[in-house]
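Visitor:
Residue numbers (UniProt numbering): 1 to 229.
1. Applying the criterion that 16 or more other CB atoms from any shown protein chain within 10 Å of the CB defines a buried residue, is residue 36 buried or exposed?
2. Rounding to the nearest angstrom, what Cα-Cα distance links residue 139 and residue 225 in this structure?
3. Helix, strand or coil for residue 222 per DSSP?
4. Provide the residue span of the alpha helix (DSSP H) that contains residue 230, from first to last.
5. Would you call residue 16 buried or exposed, if buried means 16 or more other Cβ atoms sit within 10 Å of its Cβ?
6. By the DSSP assignment, the beta strand (DSSP E) with residue 212 in it spans what residues?
7. Is the CB-CB distance between residue 156 and residue 128 below 9 Å?
8. Pick out whichever of 158, 20, 169, 151 has its Cα sitting closest to the Cα of residue 200.
9. Under three-state DSSP, which class holds residue 157?
10. Taking only the alpha-carbon atoms, compute the straight-line gap between residue 163 and residue 217 and give it to the nearest angstrom.
11. Going by DSSP in three states, residue 145 sits in which element: helix, strand or coil?
12. Relative to the ligand GTP, is the shortest distance from any of its heavy atoms to the C-beta of residue 211 smaller than 8 Å?
13. What distance in whole Å lies between the Cβ atoms of residue 227 and residue 258, which are believed to be in contact at a cut-off of 8 Å?
14. Excluding the 5 residues flanking residue 133 on each side, which residues of the same chain have their C-beta closer than 6 Å to its C-beta?
15. Under the assumption that residue 153 contacts residue 183 (Cβ atoms under 8 Å), give the Cβ distance between them as a whole number of angstroms.
16. Between which two residues does the alpha helix (DSSP H) carrying residue 25 extend?
17. Return the bridge partner residues of residue 132 from the DSSP annotation.
18. Please determine, among 8, 197, 175, the residue with the shortest C-alpha to C-alpha distance to residue 131.
19. Which stretch, first to last residue, makes up the alpha helix (DSSP H) that contains residue 196?
20. Between the alpha carbons of residue 4 and residue 18, how many angstroms are there, rounded?
21. In this structure, how does DSSP classify residue 228 when only helix, strand and coil are distinguished?
22. Applying the criterion that 16 or more other CB atoms from any shown protein chain within 10 Å of the CB defines a buried residue, is residue 10 buried or exposed?
23. Within 10 angstroms of the Cβ of residue 26, are there 16 or more other Cβ atoms? Answer buried if so, exposed if not.
24. With DSSP as the reference, identify every bridge partner of residue 138, one or two as the case may be.
Shown next, in the form of structure tokens:
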């Protein structure tokens with residue numbers, strides 16, 4: 001009877017001893033969490049320092065870019081100032097040339113080549129349009145057909161330009177008919193004349209007769225060509 005009790009007591013003592021040792025040796029959940037946190041802090045510091053360095057390098061690079069930007073801005077400002085100083089003498093030279101030498105040429109050569117507008121009151125001759133023509137001329141004697149193209153202009157006194165413009169508008173179709181008749185009635189020798197003198201005189205006479213006064217001073221072919229078909 002005593003033996004089973006002793007065995008039971010011995011087993012209970014062994015189990016109790018193991019429980020005490022286990023409690024003392026095995027860490028609790030709080031200890032495990034504390035140890036894990038203590039290990040994470042250095043790791044976080046280790047990872048955080050390079051990142052901080054990266055940001056620092058980025059800031060340094062940004063500062064360098066700012067330095068270059070300031071330098072470029074300063075250089076651009078300097079160039080702008082230099083260009084402004086260089087432009088001032090050029091502007092003065094241009095103003096001097098336009099007022100002096102340039103003005104002299106403009107008043108001399110320009111006046112000799114510019115067309116005088118109708119009714120300007122200058123007392124000179126002005127040009128009036130008589131039209132562009134594209135004709136087919138047939139010569140039965142030689143059985144030759146010519147294509148004649150020309151642009152005809154008349155000169156009139158400036159004081160008569162208003163009256164001439166009114167009369168030409170009033171008689172424009174009859175004027176064209178007279179001009180076409182004179183071209184088709186011309187001989188080959190008249191068409192090949194370098195100055196077209198006879199044709200000009202005939203057109204001038206017939207045109208003044210049509211207008212009722214000798215208002216046209218001269219007729220001019222600004223373009224003239226003919227091709228044998």
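Glycine included, C-beta positions come from ideal geometry on N, C-alpha and C.
Guide: Quick answer:
1. Taking the chain shown and counting its residues from 1, one reaches residue 36 at position 36. With fewer than 16 other Cβ atoms within 10 Å, it is exposed.
2. Start at 1 with the first residue of the chain shown, and residue 139 comes out as number 139. Start at 1 with the first residue of the chain shown, and residue 225 comes out as number 225. When rounded, the distance between both Cα atoms is 17 Å.
3. Looking up residue 222 in the chain shown gives position 222. Three-state result, residue 222: strand.
4. Given a span of 1 to 229 for the chain in the structure shown, any question on residue 230 remains unanswerable.
5. Counting from one through the chain shown, the residue named residue 16 turns up at place 16. Exposed.
6. In the chain shown, counting from the first residue as 1, residue 212 sits at position 212. Per DSSP, residue 212 belongs to no beta strand (DSSP E) and is neither H nor E.
7. Position 156 of the chain shown, counted from the start, is the residue given in the question as residue 156. Position 128 of the chain shown, counted from the start, is the residue given in the question as residue 128. Yes, they are a contact pair.
8. Taking the first residue of the chain shown as position 1, residue 200 is located at position 200. Comparing Cα positions, the closest option is 151.
9. Walking along the chain shown from the start, residue 157 turns up at place 157. Note: residue 157 maps to strand in three-state DSSP.
10. Here residue 163 is taken as the residue at index 163 of the chain shown, counted from 1. Here residue 217 is taken as the residue at index 217 of the chain shown, counted from 1. Computed Cα separation, rounded: 14 Å.
11. Locating residue 145 in the chain shown gives position 145, counting from the first residue. In the structure shown, residue 145 sits in a strand (DSSP, three-state: E or B).
12. What this structure holds is no ligand at all, so the ligand GTP is not there to describe.
13. What the structure shows of the chain is the stretch from 1 to 229, and residue 258 is not part of that stretch, so it cannot be assessed.
14. For this step, residue 133 is matched to residue 133 along the chain shown. Contacts found: 150.
15. Start at 1 with the first residue of the chain shown, and residue 153 comes out as number 153. Start at 1 with the first residue of the chain shown, and residue 183 comes out as number 183. The pair is not a contact, with the Cβ atoms about 15 Å apart (cut-off 8 Å).
16. Here the question's residue 25 lines up with position 25 in the chain shown. Unbroken alpha helix (DSSP H) run through residue 25: 2–25.
17. As a working mapping, residue 132 is identified with position 132 in the chain shown. Per DSSP, 151.
18. Indexing the chain shown from 1 puts residue 131 at position 131. Among 8, 197, 175, the Cα nearest to that of residue 131 belongs to 175.
19. Reading the chain shown from its first residue, position 196 is the one you call residue 196. No alpha helix (DSSP H) holds residue 196; DSSP gives it neither H nor E.
20. Locating residue 4 in the chain shown gives position 4, where the first residue counts as 1. Locating residue 18 in the chain shown gives position 18, where the first residue counts as 1. Spanning the two alpha carbons is a distance of roughly 21 Å.
21. Walking along the chain shown from the start, residue 228 turns up at place 228. Note: residue 228 maps to strand in three-state DSSP.
22. Translated into positions along the chain shown, residue 10 becomes position 10. Exposed, by the Cβ-count rule.
23. As a working note, residue 26 is residue 26 in the chain shown. So residue 26 counts as exposed.
24. One-based indexing of the chain shown puts residue 138 at position 138. According to DSSP, which records beta bridges pairwise, residue 138 is partnered with 145.
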